[in-house]
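K.L.:
In our numbering, the protein residues as written are 865 to 1394.
Where is the CB? At the ideal position from N, CA and C, for every residue including glycine.
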Amino acid sequence: SQIAFFEKPYLRFERMLKTWLKSGIRSWPSLRDNLPLWINHRLPPNKIISQKISEATGWDPLLVRKKLMFYAHHQSHAASAFFASPFSEAGILIMDGVGEWSTTTIWKGENNQIKPLLEMKFPDSLGLFYSAFTGYLGFRILSGEYKLMGLAAYGKPRFVDLLKKHIIHIDPNGGIRLNTRYLNFLHPAQAVTKAFSEVLGFGPKSPEQELLNEHKDLAASVQTILEEVIIKLVDTTKKVTGSQNLCLAGGVALNCRANGRVLNEFPDLNLFVQPASSDSGGSLGAACLAQISQAGDGKNSAPYRISMDSCYFGPELLDEDIKKALDKFGLKKLRLEDHDLINTVQEFLSKDQIVAWARGRMEFGPRALGARSILANPCSETIKDKINSHIKQREGFRPFAPIVCEEDASKYFDLNCKSPHMLLAVKVMNRFLPAITHIDDTARVQTLRQTDNPLLHKLLKLFEKKVGFSVLLNTSFNLRGEPIAASAQDCIKSFLMCRLDALVLGNYLILRSELSESMLNYQSNDIEAD
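(1) Are there three or more Cβ pairs, one per stretch, closer than 8 Å when the stretch 1304 to 1312 is compared with the stretch 1259 to 1271?
(2) Among Leu-1006, Asn-1119 and Lys-985, which residue has its Cα nearest to the Cα of Leu-1288?
(3) Using only the alpha-carbon positions, how far apart do Asp-1394 and Ile-1186 sit?
(4) Can you list, in chain order, the residues of its chain whose CB lies under 7 Å from that of Ala-1349, leaving out five sequence neighbours each side?
(5) Does the stretch 950 to 964 come close enough to the stretch 1095 to 1110 to have 3 or more Cβ pairs within less than 8 Å?
(6) Rounded C-beta distance between Met-819 and Arg-1231? I'm assuming under 8 Å.
(7) First and last residue of the alpha helix (DSSP H) that includes Arg-1396?
(8) If we call anything under 8 Å between Cβ atoms a contact, is Leu-963 one with Ser-995?
(9) So Gln-1210 and Leu-1326 are in contact, right, with Cβ under 8 Å, and what is the actual spacing, rounded?
(10) For Ile-903, which residues from the same chain have a beta carbon less than 6 Å from its beta carbon, with the 5 sequence-adjacent residues on both sides left out?
(11) Under the assumption that Ala-1055 contacts Leu-1047 (Cβ atoms under 8 Å), give the Cβ distance between them as a whole number of angstroms.
(12) Can you tell me whether DSSP reads Phe-1261 as helix, strand or coil?
(13) Is Phe-1066 buried or exposed, if buried means 16 or more other CB atoms sit within 10 Å of its CB?
(14) Any idea which residues DSSP pairs Asn-851 with across the strands?
(15) Over what stretch of residues does the beta strand (DSSP E) that includes Met-933 continue unbroken?
(16) Could you tell me which of Leu-982, Arg-1169 and Leu-1075 sits nearest to Thr-1101, measuring between CA atoms?
(17) Have a look at Arg-890, Gly-1115 and Phe-1193 and flag the residue whose alpha-carbon is nearest the alpha-carbon of Ala-945.
(18) Which runs of the alpha helix (DSSP H), 4 residues or longer, sit entirely within the stretch 951 to 986?
(19) Would you say Pro-1318 and Ser-1174 are within 8 Å of each other, going by their C-beta atoms?
(20) Could you spell out where the beta strand (DSSP E) holding Ile-1032 opens and where it closes?
(21) Looking at Trp-971 and Leu-875, is the spacing between their C-beta atoms short of 8 Å?
(22) Suppose only complete runs of 3+ residues qualify. What are the beta strand (DSSP E) ranges in the stretch 1050 to 1121, listed by chain order?
(23) Taking the straight line between their C-alpha atoms, what separation do you get for Ser-1377 and Tyr-1276?
(24) Counting along the chain, where does the beta strand (DSSP E) carrying Phe-1136 start and finish?
(25) Does the beta-carbon of Ala-1140 have 16 or more other beta-carbons within 10 angstroms, so that it is buried, or is it exposed?
(26) So for Asn-1280, helix, strand or coil by DSSP?
(27) With three or more C-beta pairs closer than 8 Å as the rule, is the stretch 926 to 938 touching the stretch 1087 to 1101?
(28) Please report the residue range of the beta strand (DSSP E) in which Ser-918 lies.
(29) Alpha helix (DSSP H) containing Val-1331: first to last residue?
(30) Please classify Lys-1248: is it buried, with 16 or more other beta-carbons within 10 angstroms of its beta-carbon, or exposed?
(31) Going by C-alpha to C-alpha distance, which of Arg-1262, Gln-1155, Tyr-1168 and Gly-1039 sits closest to Tyr-1010?
(32) How would you call Thr-921, buried or exposed, if buried means at least 16 neighbouring beta carbons within 10 angstroms?
(33) What do you get for Glu-1392, buried or exposed, if any count of 16 or more other CB atoms within 10 angstroms of its CB means buried?
(34) For the beta strand (DSSP E) that contains Thr-1306, what are its first and last residues?
(35) Can you pull the DSSP bridge partners for Arg-1041?
(36) Taking the C-alpha atoms as reference points, what is the distance between Leu-895 and Ser-1070?
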């Protein structure tokens, strides 16, 4: 066996060194902050990584070093997309901030091989362009880009021409050139310079500042440019690969509005988007490459594929762990059979109660897809604001996604393909689903097959009998600033610290109405972690 790492750290460090040298005195703050980090904690990478793996597993670090293989960042992304796709051949388009040097790459995948065809390099990066304005609008870069995407629907793209004149030049094939006078990627959180603020007419928004129309319009303009570039890149990918199959990965591929636009612009395209498109999915791609390299000649060996129809690859909620966690918190253990559980939950949901649903293995990737989810009635006029303000404690402009039985999706949405990973924004065709309909009449749909999550599928069908729609609001089970709840203890803590009405934990049901006074006033440090 081999141990695979998803990028080549020395090449990444080379890019940083060359950027520092090229930038002269401007690079000093970045060099001061980052060079000690690399020298003390990241170099040499084979030694550092081997030690970390050895500490986690108990394996001999020398043996780990012998088995360690490094693959290029975009190569790992490309492998994660193609080898998880249903295609035997496809064009592959990778778009992110930056790997070692690559920012956008086009590949051809065939059988067990992926071949690079075209490349765009740092600093000309679609992902960094989008992240720069994410920071400018007061959101955290590398995590708040989806907020810019949600905000864009509220604005008018009136700054597109200004951005094209001063910031970004777009070639007919989708290649871009960024003006580094106005974008300084040595300081990612403040990448947009003061010089461009003067051109734009307003400065960066602070996180506490009220959202103004100019902020919404800037978000709409940045999103419009992103979509324009992606459409051109998809067209180029089709031309240079000669394929009607397309695989997407890289952080930019998580932009569901752009993905929905791709489907509209290319109706005959067969599209697969890697559900873990950000760097977490790179680990999967590197593992695929290592596996194929062991099998020999990728051209002649048997086809290698991994199934990602569902993404329930994470840690599992086991019954014994749930019981231990319930005992630790002193909570009543009410265990229901499947039929009774979904009937009870369906009644709660139809009465506009909000339920956390945590069962089985956790999702792999950034989306909650029915294993660590908060579920609610999509027909309610008020539930969106309630979840945003009282439970998730997040910005009111952000939309919620629906989960729908795959066989019923076309009844409610302009969707003619499956969308199991919540990566496509499409038009909502039914006006009776306000809680999951964004301001632009779209929704980021998750379609669910019965075979992928049987009990949740049954719950959707029960809800349809009661309310008329096999659709539920589905959002991630976490509090603001927290990761998605993983373990039984995580789930209970998150439940106690917000205003959820009920928690389904495996086959156990915990009701807020039955909590003691001390549990209603629970704080996260009240009970020590294991």
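P.N.:
Let's see:
(1) Enough Cβ pairs lie closer than 8 Å, so yes.
(2) When Leu-1006, Asn-1119 and Lys-985 are compared, the shortest CA-CA separation from Leu-1288 is found for Asn-1119.
(3) Confidence at Asp-1394 is low in this model, with a pLDDT of 41, below 50, so its placement is unreliable and no value can be given for it.
(4) Cβ neighbours of Ala-1349 beyond the five flanking positions: Ala-1222, Arg-1236, Phe-1341, Asn-1342, Cys-1355 and Ser-1358.
(5) By the criterion of at least three beta-carbon pairs nearer than 8 Å, the stretch 950 to 964 is in contact with the stretch 1095 to 1110.
(6) Within the shown structure, residues of the chain are numbered from 865 to 1394, placing residue 819 beyond reach of any answer.
(7) What the structure shows of the chain is the stretch from 865 to 1394, and residue 1396 is not part of that stretch, so it cannot be assessed.
(8) The sequence given here has Gly at residue 963, not Leu. Contact flag unset, no.
(9) Going by Cβ atoms, the distance from Gln-1210 to Leu-1326 rounds to 4 Å, so yes, they are a contact pair.
(10) The answer is none, since no qualifying residue turns up.
(11) So it is a contact: roughly 5 Å between Cβ atoms.
(12) coil
(13) exposed
(14) Residue 851 falls outside the range modelled here, since the chain spans only 865 to 1394, and no answer is possible.
(15) Here the beta strand (DSSP E) through Met-933 covers 932 to 934.
(16) Leu-982
(17) Proximity to Ala-945 across Arg-890, Gly-1115 and Phe-1193 peaks at Gly-1115, based on C-alpha coordinates.
(18) none
(19) no
(20) 1032 to 1034
(21) no
(22) The stretch 1050 to 1121 contains these whole beta strand (DSSP E) runs: 1109 to 1113.
(23) 34 Å
(24) 1134 to 1137
(25) buried
(26) Coil at Asn-1280, not helix or strand.
(27) Remark: fewer than three beta-carbon pairs, one from each stretch, lie closer than 8 Å, so the stretch 1087 to 1101 and the stretch 926 to 938 are not flagged as touching.
(28) Per DSSP, Ser-918 belongs to no beta strand (DSSP E); it is in the alpha helix (DSSP H), 909 to 921.
(29) 1318 to 1331
(30) Buried.
(31) Arg-1262
(32) With fewer than 16 Cβ atoms within 10 Å of its Cβ, Thr-921 is classed as exposed.
(33) Note that Glu-1392 has pLDDT 47, beneath the 50 cutoff, so the model's placement of it is unreliable and the number below is only indicative. Counting the other Cβ atoms within 10 Å of the Cβ of Glu-1392 gives fewer than 16, which makes it exposed.
(34) DSSP places Thr-1306 inside the beta strand (DSSP E), whose first and last residues are 1306 to 1312.
(35) Arg-1041 is bridged to His-1033.
(36) 26 Å
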